[in-house]
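In the UniProt record's numbering, the protein residues as written are 1 to 142.
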């Protein structure tokens, strides 16, 4: 069990999660990169049952069918990603963690979409698309 906390740039929108981190990964898909204006985005997954927003509720928008993204209404910081394909989970941006330096990603997803000018210096597994549900990196990552 771990307790995780995070917040946006201005501190208005905050989140708390109880329970284990389910997984931790770098995402290279074009949608996530564009939404964050970043060359790669790093996420952690937690169970929705142990998750709650604190502070100001985030804004939300549907970015594609079955996908909702949350952001701070004040400063615009991307905060979370929810998709129907991952029922019962919420995906949080690792950079929003109160202690992001304590976080360790375990794999890459959508590696086929990686920008060619990004040099990766790690030995983490790389999945061309989504990670399979039975991937050894899926599970308590905390």
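Ideal placement from N, C-alpha and C gives every residue a C-beta, glycine not left out. Values in this document were obtained by computation on a predicted structure and should not be read as measured data.
Residue 80 and residue 89 have their C-alpha atoms some 11 Å from each other. Its chain contains 111, 112 as the residues whose beta carbon lies nearer than 6 Å to that of residue 128, once the 5 sequence neighbours on both sides are disregarded; these appear in chain order. When the Cα atoms are used, residue 7 and residue 15 turn out to be separated by approximately 6 Å. Just so you know, the alpha carbons of residue 29 and residue 37 end up roughly 12 Å apart.
Here the alpha carbon of residue 105 sits roughly 9 Å from the alpha carbon of residue 94. DSSP, read as helix, strand or coil, puts residue 7 in strand. Rounded to the nearest angstrom, the gap between the Cα atoms of residue 59 and residue 10 is 14 Å. Secondary structure of residue 48 (DSSP, three-state): helix.
For the pair residue 31 and residue 139, the Cα-to-Cα distance works out to about 25 Å.
Secondary-structure assignment with DSSP links residue 26 through a beta bridge to 42, 108. Considering only 117, 46, 41, 67, the residue with the shortest C-alpha distance to residue 108 is 41.
Between residue 56 and residue 98, the gap from beta carbon to beta carbon reaches 7 Å or more. Scanning the segment 72–137 from its first residue to its last, the whole beta strand (DSSP E) runs of 3-plus residues come out as 78–83, 89–93, 107–109.
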